[in-house]
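The listed protein sequences correspond, in order, to chains A and B.
Start counting at 1 in the first sequence, then tack on 14, and there's your number in the numbering used here.
Start counting at 1 in the second sequence, then tack on 14, and there's your number in the numbering used here.
Glycine residues also receive a C-beta, built at the ideal position from the N, C-alpha and C atoms.
Number of protein chains: 2
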Amino acid sequence: MNKTITLAQGNGGVENNELISKVFYKAFKNEILEKSEDAAVIQNGSLAFSTDSFTVSPIFFEGGNIGKLAVCGTCNDLAMMGAKPKYLTCSVIIEEGFALRDLEKIVRSMKSELELNGAIVVSGDTKVVPRGSVDKIFINTTGVGEITKEGISSNKISKDDVILVNRDIGCHGATIFIAREGIEMDSELESDCKSLYPQVKALIDAGINITAMRDATRGGVGAVLNEWAKQSNICIEVEEERIPVRDEVKGVCEMLGFEATSLANEGTFVLAIKKEDKEKALEILKVFEDNSYACEIASVTDEHLQKVILKSSWGTKRFLDTPTGELLPRIC
Amino acid sequence: MNKTITLAQGNGGVENNELISKVFYKAFKNEILEKSEDAAVIQNGSLAFSTDSFTVSPIFFEGGNIGKLAVCGTCNDLAMMGAKPKYLTCSVIIEEGFALRDLEKIVRSMKSELELNGAIVVSGDTKVVPRGSVDKIFINTTGVGEITKEGISSNKISKDDVILVNRDIGCHGATIFIAREGIEMDSELESDCKSLYPQVKALIDAGINITAMRDATRGGVGAVLNEWAKQSNICIEVEEERIPVRDEVKGVCEMLGFEATSLANEGTFVLAIKKEDKEKALEILKVFEDNSYACEIASVTDEHLQKVILKSSWGTKRFLDTPTGELLPRIC
């Protein structure tokens, strides 16, 4: 690794994984951490526990703000483990001179989003640092959720599973990029930032046989599929044409030179479920707003273990690798 | 309140409390939060849950570094509720260009301190932000602990209690001030940064009747006593001469124009215990390194409810108010 930390090491992709494993996992080594799930499972499988710090810039964007994102992000990580978000902590680091009005707006968004999850903030911390020590405001949320469906794990996906996505991908990454660069676009593009627990609850309540779920944040759907291929020692074959991407997002991808599968999402999740439950699951997902493009995107094979293969509509195949490089810093 | 956030609003004192109550408590209103304990008590009283973000500058100082502090700080908050620190999350925000060697040193300190607490990191998050977006590194730790002694609360201190401190006060605040200002001092002063769970465990194992405990971090012993006076609706009378303060700390207080009771500590805690257990508790505390000055500092009366009175050796009395003003930003 480099002797100094690079932006790429926070990308949710290859360099980020390397930093995490060589520095953090190496020191903190334990069975729970090494499972690399979206949330840790503690207390004999009864609780999920997850943390995230949010540094997004700009702090207000189409479809959300850093406060909404901070509640969605952590609650979604809990939901992905089949847990009902229950208790959150909220720790804010604020730059001296930050507008009180903006802080209040952020906190109000957090409150609304907490209500959607049926969760409460039970402990907090407020730091104010001198001008220049932080850019505006960073928020950490850490959550505890009660596991309502046991055994969900990205370490046991098999050929009996099919891989779905709940909606079209890349909206958060594309929205932040546009906002940051000040690009004028005549579109209704907004971040997909959303609490996923209601969708997860509906799937669990309907008895869908869920093997794994993961929200496709930093590193996008590409990172999730590659993590799953490695963790479950499987090959994932993706039908490129099936991946739902709206035109505005495709446009941003061309400007950036990124693939839509590398763009961050904040209300989009990938599901591995038993094949026989596919139609029922899609029906349930499509009831929710913004989910009209919910679909199957991939299947599990043993062609190239630990690899993700992208199949084009012309029949060609290539590997979809874990994203690498700087991608978009401060995307979440 | 001001229309923009001020450094004083992060001081652990009056302005900080106002910001917390008018913005955060107001929005997040719930019974657990409003108890204002060092850690939230969740899951029917079985678990404690607490968060802290660390922004200390400089990140390396005599007696510790930001990593050691991040583990001590959160584990101590759990210990103060009679909980054994068990699971921690660790979320770091690193500035692009930060030295990998320094990160490794910080993480190694975290590992050692986790071992002292018998706790493990089960979930994490790593963000890297562009140069200038954060000053070097900020760390959030959030912990879950198992409550081994129920009912500890700063809301029920009474005249049956006596108030102790485990060691001399103000070393962390004084050390950080000296390091930051580059003052050359011919002294062995170092931060008191330390995990308090072993001391708490010894007290609990010996059957000491503990009413409340609180580590005197931002705002110092003065903030703790004032919070307790309000929360328990009591008057706390402090014998000024009994408060242990070493000479180097007194010297720093003179330079700063602060009282030692406003200086931050990171391994110093205030205890309210039943009077009859005083001698036994002090004996137990003094077995621990650095605790030779453990002593009784105050008694509980009903003279001025919700106030803290400082009694000098000449028999004069004055109020010891909650600290106010900027104090030392980025002290923890």
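Comparing alpha-carbon positions, which option in the options lies nearest residue i?
{"i": "Asn30(A)", "options": "Arg344(A), Thr338(A), Leu342(A), Cys346(A)", "result": "Thr338(A)"}
{"i": "Thr156(B)", "options": "Val259(A), Ile250(A), Thr65(A), Leu342(A)", "result": "Thr65(A)"}
{"i": "Ile222(A)", "options": "Leu203(A), Asn25(A), Glu293(A), Ile248(A)", "result": "Glu293(A)"}
{"i": "Asn180(A)", "options": "Leu210(A), Glu164(A), Asn154(A)", "result": "Leu210(A)"}
{"i": "Lys49(B)", "options": "Met95(B), Ile287(B), Gly27(B)", "result": "Met95(B)"}
{"i": "Arg115(B)", "options": "Ser201(A), Phe38(A), Ala286(A), Glu310(A)", "result": "Phe38(A)"}
{"i": "Leu285(B)", "options": "Glu32(B), Thr189(B), Gly26(B), Leu217(B)", "result": "Leu217(B)"}
{"i": "Lys291(A)", "options": "Ser105(A), Asp175(A), Leu102(A)", "result": "The identity of residue 291(A) in the sequence shown is Asp, whereas the question assumes Lys. Residue Asp175(A) is the option with its Cα nearest to Asp291(A)."}
{"i": "Ile190(B)", "options": "Phe74(B), Val314(B), Asp316(B)", "result": "Phe74(B)"}
{"i": "Leu178(B)", "options": "Thr69(B), Lys321(B), Lys43(B), Lys289(B)", "result": "Lys289(B)"}
{"i": "Ile287(A)", "options": "Gly165(A), Ile197(A), Lys100(A), Gly27(A)", "result": "Gly165(A)"}
{"i": "Ile171(B)", "options": "Ile248(B), Val301(B), Ala113(B)", "result": "Ile248(B)"}
{"i": "Ser326(A)", "options": "Val252(A), Val314(A), Thr315(A), Ala62(A)", "result": "Val252(A)"}
{"i": "Glu76(A)", "options": "Ala308(A), Ile197(A), Ser276(A)", "result": "Ile197(A)"}
{"i": "Tyr101(B)", "options": "Ala53(A), Lys100(A), Gly24(A), Thr69(A)", "result": "Ala53(A)"}
{"i": "Ala226(B)", "options": "Val314(B), Val263(B), Asp139(B), Ala113(B)", "result": "Val314(B)"}
{"i": "Glu340(B)", "options": "Pro144(A), Gly271(A), Gln320(A)", "result": "Pro144(A)"}
{"i": "Gly24(B)", "options": "Thr69(B), Phe42(B), Gln57(B), Phe63(B)", "result": "Thr69(B)"}
{"i": "Ala113(B)", "options": "Glu160(A), Thr20(A), Ile161(A), Val322(A)", "result": "Thr20(A)"}
{"i": "Thr275(B)", "options": "Cys185(B), Pro343(B), Asp304(B)", "result": "Cys185(B)"}
{"i": "Glu310(B)", "options": "Glu51(B), Asp182(B), Gln57(B)", "result": "Asp182(B)"}
{"i": "Ile161(B)", "options": "Leu270(B), Lys321(B), Leu61(B)", "result": "Leu61(B)"}
{"i": "Val121(A)", "options": "Ala41(B), Ile80(B), Ile56(B), Ser71(B)", "result": "Ala41(B)"}
{"i": "Cys89(B)", "options": "Gly271(B), Lys36(B), Lys215(B)", "result": "Lys215(B)"}
Could you give the distance in angstroms between the alpha-carbon of residue i and the alpha-carbon of residue j?
{"i": "Lys331(B)", "j": "Leu324(B)", "result": "6 Å"}
{"i": "Gly329(B)", "j": "Ala312(B)", "result": "15 Å"}
{"i": "Glu195(B)", "j": "Ile34(B)", "result": "30 Å"}
{"i": "Val235(B)", "j": "Asn169(A)", "result": "49 Å"}
{"i": "Glu250(B)", "j": "Glu127(B)", "result": "Here the sequence assigns Ile to residue 250(B), which means Glu is not the residue at that position. The alpha-carbon atoms of Ile250(B) and Glu127(B) are separated by roughly 34 Å."}
{"i": "Leu117(B)", "j": "Leu296(B)", "result": "38 Å"}
{"i": "Pro17(A)", "j": "Lys119(B)", "result": "Looking at the sequence itself, residue 17(A) is Lys, so the reference to Pro does not match. One C-alpha to the other measures close to 13 Å."}
{"i": "Gln245(B)", "j": "Thr282(B)", "result": "20 Å"}
{"i": "Asp261(B)", "j": "Glu45(B)", "result": "43 Å"}
{"i": "Gly59(B)", "j": "Asn240(A)", "result": "41 Å"}
{"i": "Ala243(B)", "j": "Ile192(A)", "result": "52 Å"}
{"i": "His318(B)", "j": "Arg256(B)", "result": "21 Å"}
{"i": "Glu268(B)", "j": "Ile345(B)", "result": "18 Å"}
{"i": "Ala308(A)", "j": "Leu299(A)", "result": "7 Å"}
{"i": "Thr231(A)", "j": "Val28(A)", "result": "14 Å"}
{"i": "Lys141(A)", "j": "Thr103(A)", "result": "14 Å"}
{"i": "Gly78(B)", "j": "Asp206(B)", "result": "9 Å"}
{"i": "Phe302(B)", "j": "Asp229(A)", "result": "47 Å"}
{"i": "Met124(B)", "j": "Val259(A)", "result": "43 Å"}
{"i": "Glu273(B)", "j": "Gly138(B)", "result": "38 Å"}
{"i": "Gly26(B)", "j": "Glu280(A)", "result": "34 Å"}
{"i": "Ser105(B)", "j": "Ala188(A)", "result": "25 Å"}
{"i": "Lys264(A)", "j": "Glu254(A)", "result": "13 Å"}
{"i": "Val266(A)", "j": "Val238(A)", "result": "21 Å"}
{"i": "Gly233(B)", "j": "Leu342(B)", "result": "9 Å"}
{"i": "Pro99(B)", "j": "Glu129(B)", "result": "10 Å"}
{"i": "Lys36(B)", "j": "Leu270(A)", "result": "42 Å"}
{"i": "Gly159(A)", "j": "Phe63(B)", "result": "12 Å"}
For residue i, verify whether its CB is less than 7 Å away from any heavy atom of the ligand PLP.
{"i": "Lys288(A)", "result": "Summarising the ligand content, the structure contains no ligands, and the ligand PLP is consequently not present."}
Interface positions of the stretch 182-207 of chain A facing chain B (Cβ-Cβ less than 9 Å), listed along the chain: Under the 9 Å Cβ criterion, the stretch 182-207 of chain A contributes no residue.
Stretch-stretch touch, CB-based, cutoff 8 Å, three pairs: the stretch 204-218 of chain A with the stretch 79-97 of chain A: Contact between the stretch 204-218 of chain A and the stretch 79-97 of chain A is present, because at least three Cβ pairs lie under 8 Å.
Contact the stretch 77-88 of chain B vs the stretch 153-167 of chain B: 3+ CB pairs below 8 Å: Yes, they touch.
Segment contact flag, the stretch 145-152 of chain A with the stretch 100-109 of chain A, C-beta cutoff 8 Å, min 3 pairs: Contact between the stretch 145-152 of chain A and the stretch 100-109 of chain A is present: 3 or more CB-CB pairs across the two stretches fall below 8 Å.
Whole runs of the beta strand (DSSP E) within the stretch 221-293 of chain A, excluding any shorter than 3 residues: Correct list: 224-229, 249-253, 283-288.
The stretch 186-202 of chain B / the stretch 128-137 of chain B touching (three or more Cβ pairs under 8 Å): Using a Cβ-Cβ distance cut-off of 8 Å, the stretch 186-202 of chain B and the stretch 128-137 of chain B are not in contact, since fewer than three pairs of beta carbons, one from each stretch, lie closer than that value.
Against chain A: residues of the stretch 64-86 of chain B by CB proximity under 9 Å: Those residues of the stretch 64-86 of chain B placed with their C-beta closer than 9 Å to a C-beta in chain A are Ser64, Thr65, Asp66, Ser67, Phe68, Thr69, Ser71, ordered along the chain.
Contacting positions in the stretch 101-113 of chain B - beta carbon closer than 8 Å to chain A: Along the stretch 101-113 of chain B, the positions whose C-beta sits under 8 Å from a C-beta of chain A are Tyr101, Thr103, Cys104, Ser105, Val106, Ile107, Ile108, Glu109, Glu110, Gly111, Phe112, Ala113, read in chain order.
Residues, ordered as in the chain, of the stretch 122-156 of chain A that lie near chain B by beta-carbon distance below 8 Å: Here the close residues are Arg122, Met124, Lys125, Leu128, Ile134, Val135, Val136, Ser137, Gly138, Asp139, Thr140, Lys141, Val142, Val143, Pro144, Gly146, Ser147, Val148, Asp149, Phe152, Asn154, Thr156.
Contact residues within the stretch 17-41 of chain B, judged by C-beta distance below 7 Å to chain A: Cβ contacts with chain A: Lys17, Thr18, Ile19, Thr20, Leu21, Gln23, Gly24, Asn30, Leu33, Ile34, Val37, Phe38, Ala41.
Against chain A: residues of the stretch 39-58 of chain B by CB proximity under 7 Å: Contact residues of the stretch 39-58 of chain B toward chain A are Ala41, Phe42, Asn44, Ile46, Leu47, Ala53, Ala54, Ile56 (C-beta to C-beta distance below 7 Å).
Residue ranges of each beta strand (DSSP E) within the stretch 79-121 of chain A, 3 or longer: Complete beta strand (DSSP E) runs here, min 3: 97-109.
Chain-ordered residues of the stretch 319-337 of chain A with a beta carbon less than 7 Å from chain B: The stretch 319-337 of chain A vs chain B, Cβ under 7 Å: nothing.
Residues, ordered as in the chain, of the stretch 214-228 of chain A that lie near chain B by beta-carbon distance below 8 Å: The residues in question: there are none.
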